[in-house]
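Student: Those letters in the sequence shown? Residues 985 to 1133, by the working numbering.
Note that beta-carbon positions come from the ideal geometry of N, C-alpha and C, so glycine has one too.
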Amino acid sequence: MRILLFLLATTVISPTPSSHQSERIVHLEDSLLAPCCYTQPVSKHMSDIAFDMRKEIGEMVLAGKSDGEILDHYKALYGLQILVDPEGTRHKVMYGLPPVSAIAGFMAVLFFIRRSVNRQRHDGPFDVGTSAIYEHYRRKIQSDLRDYE
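What follows is the structure, given as structure tokens:
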């Protein structure tokens, strides 16, 4: 009997979220990292603190708080590292650095390939430093061949 009264009380006291509120709750849970290790979103992490955060997020959404207010609450508690997608300069660096690095690397490879091709085209098989050595050995071989004739 007590269990039945408890279940009845909890269903009456805690309203169920609408479909829009459920979507917001899922979005917010996916937007925050579990503060115990900062490796997984709250929606997937199985720690006690993640369970508590899921409960708090649901309560805040049902209380009518906006997404910004909820995110600001957790940023105030844990800092910016709580966010899955960083804000401000960190966001620009995170999404801007990979393409800039790829373009710079591609340009460097093109530069070195072009430089290598141009060097081979202008220098021929031997450059000035090796032609003197080549000439020395050519004379040596010719003199050795004359000795055997």
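Would V1026 pass as a contact of M1037 if the rule is Cβ separation under 8 angstroms?
Tutor: On the sequence shown, residue 1026 is found 42 positions in, with the first residue counted as 1. On the sequence shown, residue 1037 is found 53 positions in, with the first residue counted as 1. Cβ atoms of V1026 and M1037: closer than 8 angstroms.
Student: Would P1019 pass as a contact of I1041 if the rule is Cβ separation under 8 angstroms?
Tutor: In the sequence shown, counting from the first residue as 1, residue 1019 sits at position 35. In the sequence shown, counting from the first residue as 1, residue 1041 sits at position 57. It is not a contact, given that the beta carbons lie outside the stated cut-off.
Student: Provide the residue span of the alpha helix (DSSP H) that contains Y1062, from first to last.
Tutor: Here the question's residue 1062 lines up with position 78 in the sequence shown. Unbroken alpha helix (DSSP H) run through Y1062: 1051-1062.
Student: How is the alpha helix (DSSP H) around A1018 delimited, first residue to last?
Tutor: Residue 1018 sits at position 34 when you count from the first residue of the sequence shown. No alpha helix (DSSP H) contains A1018, which DSSP labels as neither H nor E.
Student: Quick check: what's the CA-CA separation for M1030 versus E1071?
Tutor: Looking up residue 1030 in the sequence shown gives position 46. Looking up residue 1071 in the sequence shown gives position 87. The alpha-carbon atoms of M1030 and E1071 are separated by roughly 26 angstroms.
Student: Kindly indicate if chain C contains any beta-carbon less than 8 angstroms away from that of S1031.
Tutor: As a matter of chain content, chain C is missing from the structure shown, which is built from one protein chain.
Student: Short check: CB of L1017 to CB of Q1024, under 8 angstroms?
Tutor: As a working note, residue 1017 is residue 33 in the sequence shown. As a working note, residue 1024 is residue 40 in the sequence shown. In contact: L1017 and Q1024 (Cβ atoms closer than 8 angstroms).
Student: Tell me, please, which residues DSSP counts as bridged to L1067.
Tutor: Here residue 1067 refers to the residue found at position 83 when the sequence shown is read from its first residue. BP columns for L1067 point to L1016.
Student: Is the beta carbon of R1008 less than 8 angstroms from the beta carbon of D1051?
Tutor: Position 24 of the sequence shown holds residue 1008. Position 67 of the sequence shown holds residue 1051. Yes. Within cutoff.
Student: Tell me, please, which residues DSSP counts as bridged to P1025.
Tutor: Sequence index remark: in the sequence shown, residue 1025 carries index 41 (1-based). DSSP output for P1025 lists L1017 as bridge partner(s).
Student: Exposed or buried, what is L1012 when buried is set at 16 or more other beta-carbons lying within 10 Å of its beta-carbon?
Tutor: Position 28 of the sequence shown, counted from the first residue, corresponds to residue 1012. By the 10 Å Cβ count, L1012 comes out buried.
Student: Short of 7 angstroms in beta carbon distance, which residues of its chain neighbour S1002, apart from the five on each side in sequence? Order them along the chain.
Tutor: Your numbering for residue 1002 matches position 18 in the sequence shown. Around S1002: no qualifying Cβ.
Student: Could you pull out every residue in the same chain whose Cβ sits closer than 6 angstroms to the Cβ of Y1062, ignoring the five residues on either side in sequence?
Tutor: Position 78 of the sequence shown holds residue 1062. The residues are P1019.
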